[in-house]
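First to last, the protein sequences are chains A and B. Numbering of the first sequence is given in the working numbering, commencing with residue 1 and proceeding in unit increments. Numbering of the second sequence is given in the working numbering, commencing with residue 1001 and proceeding in unit increments.
2 protein chains.
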Amino acid sequence: MLSKNRIKQINSLQIKKYRQESGTFVAEGTKVVLELLRSDMRIKEIFAVPEWILSNAEKFSNTIITAVNAVEIRKLSAMTTACSVVAEVYMPKHPNKPEFKKGVTYLALDGVRDPGNLGTILRIANWYGINTVLASNDSADMFNPKVIQAAMGSAFRIRVDYCNLPETLLEARNNGIDVFGTFMDGENIYNAEISHGGIIVMGNEGHGISDEVSSAISRRIAIPCGCDSATAPESLNVSSATAIICNEFYRAKK
Amino acid sequence: MLSKNRIKQINSLQIKKYRQESGTFVAEGTKVVLELLRSDMRIKEIFAVPEWILSNAEKFSNTIITAVNAVEIRKLSAMTTACSVVAEVYMPKHPNKPEFKKGVTYLALDGVRDPGNLGTILRIANWYGINTVLASNDSADMFNPKVIQAAMGSAFRIRVDYCNLPETLLEARNNGIDVFGTFMDGENIYNAEISHGGIIVMGNEGHGISDEVSSAISRRIAIPCGCDSATAPESLNVSSATAIICNEFYRAKK
């Protein structure tokens, strides 16, 4: 039987402060945990109901699996709907700063606050083979359970570096890396020369790219709007814009 | 002072059944209500705190505005954060079926259940000038407050027709309209002939396009993945995929 303390500790991982203290985070639900097992992430412990263990037995080796009952799994889970598996996972460590190479595409997030947006963006990055994402320190935490859920496994395959974003971008720019940002008055992305990749900066949900980060941008681009200004929305959602821009960068390389 | 019954009635509009009974829905928050005032929607009543009325006075005419205090607005609002304006709005009526024209692009949603996704998709449609969206009856309700919130005003500018989707699509197809659907084994959208528009069908979050709707599809397309299959996500989120496809259709027309 699971101790009350262990349940409490797993529940505490909903909060960033406790994740940082323990160096672990929680992933739950069959789809996400199976993606976890396919990934390079180090798993601390998996809690699952016996039926789940039975039907997924061939998918794990060298993993500590603790069988729990339906009541216990509900106590461990933060999901509103029934869930049969919860995993505690070590956060990966990246001791060195990422190195930026010419010809490669990267993403940078300047204050993307909504965990659902961050998760969706990680899934987009993964789809287009973007392996490194920079994030300003005021962006949502990638180990927030809602991010893990929305990323559908992509959070296990992408390196996210939280950093002083203006400083990091300026350094990359000084090393000859193009730094792209989306602005209403930017160059139409259909015509822009983007085939050499670079760092694509996406801004905050309400305020876009901050002034500080703006000054590190070398290339201002825009997504064309197919609607006259009287009936157009003010902007696209940040994850929609990321999807379109990443697709354009990938397309330009082909 | 607002009656308890009026507060209760406004709160009841969180639920589809009561929206259908009253023929109205709720929109709240400054950004959304200002978009509402710019639109053709018929407003039944706006409730706002005096400060809001004062600072937005020039934006409304012929609208019933009721001044309420901070306690009352909190009771009317379903938002977790403080809000200064709540509107009750008549749902638009579309007595006739939409007519599909060759050369025009439409969207169709086959069981898109998440209100956040639906709202984001309406914003994308609006951005690309798509004015009519079909939705299967099991899709999220467009007047769900979460849809209104995520659509950021675009819900007021787009016609959404809930219908028997396979039947409607088949009828359009029989009238010479191309019906596109996204499938893993579809034709690469970068090479597909899509410049004549048609109806773009997007599927359910977990299960994609249903078998019934599949049989009405005339053109199977695919979004290229820039990642090898071992490390690729299973799919993109439905709103990300919609953004990419709508961008490609718009791009092909230019």
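A virtual CB, placed ideally from N, CA and C, is assigned to each residue, including glycine.
By the beta-carbon neighbour count (other beta carbons within 10 angstroms, threshold 16), I200/A is buried. One alpha carbon belongs to D141/A, the other to N1062/B, and they sit about 46 Å apart. Residues of chain B with a Cβ closer than 9 Å to the Cβ of M152/A are, in chain order, P1233, E1234, S1235, N1237. At a C-beta separation below 8 Å, T120/A has these neighbours in chain B: N1237, S1239, S1240.
Residues of the region 180-191 of chain A with a C-beta atom less than 8 Å from some C-beta of chain B are Y190, listed in chain order.
Taking the Cα positions, L1054/B is about 27 Å away from L1013/B.
According to the DSSP assignment, C1163/B belongs to the beta strand (DSSP E) that extends over 1159-1163. For the region 18-91 of chain A, the continuous alpha helix (DSSP H) assignments of 4+ residues that do not extend past its boundaries occur at 30-38, 50-55, 70-76, in sequence order. Along the length of the region 159-237 of chain A, whole beta strand (DSSP E) runs at least 3 residues long occupy 159-163, 179-188, 198-203, 219-222, reported in chain order. In the structure shown, Y250/A falls within a helical segment according to DSSP collapsed to helix, strand and coil. Per DSSP, S3/A is not a residue of any alpha helix (DSSP H), being assigned neither H nor E.
With a threshold of 16 other beta carbon atoms within 10 Å, G1176/B falls short and is exposed.
Residue contact with chain B for W127/A: present (Cβ-Cβ distance below 8 Å to some residue of chain B). The three-state reading of DSSP puts A140/A in coil, since its state is none of H, G, I, E or B. For L118/A, the enclosing alpha helix (DSSP H) begins and ends at 115-127.
Between Y162/A and the set L109/A, F183/A, T182/A, the nearest pair of CA atoms involves L109/A.
Close partners of I244/A in chain B (Cβ separation under 8 Å): A1243, I1244, N1247. In the three-state scheme derived from DSSP, where H, G and I count as helix and E and B as strand, V1133/B is classed as strand. The beta-carbon of Y250/A is placed less than 8 Å from the nearest beta-carbon of chain B. Contact check for V1032/B against M1152/B passes: the beta carbons are separated by less than 8 Å.
Taking a beta-carbon distance threshold of 8 Å, K1254/B counts as an interface residue toward chain A.
Under DSSP, L1109/B shares a beta bridge with A1135/B, M1202/B. At a Cβ-Cβ threshold of 8 Å, D1178/B and R1219/B count as neighbours. If you draw a straight line from the Cα of A1232/B to the Cα of M41/A, it comes to about 16 Å. Within the model, the alpha-carbon separation for N137/A versus N164/A is close to 7 Å. Under the three-state reduction of DSSP output, V147/A falls in the helix class.
Chain A has a Cβ within less than 8 Å of the Cβ of R1157/B. A Cβ-Cβ contact shorter than 8 Å links E1045/B with E1088/B. Taking C-beta atoms as the reference points, S235/A and T120/A fail to come closer than 8 Å. In its chain, beyond the 5 residues on either side, A1172, I1177 have a beta carbon closer than 6 Å to the beta carbon of F1100/B.
Closer than 8 Å to the CB of I53/A there is not a single CB belonging to chain B. Using a Cβ-Cβ cut-off of 8 Å, R1123/B is close to P233, L236, N237, S240 of chain A, given in chain order.
Residue contact with chain A for C1225/B: present (Cβ-Cβ distance below 8 Å to some residue of chain A).
Residue contact check for G1208/B against chain A: no CB pair falls below 8 Å.
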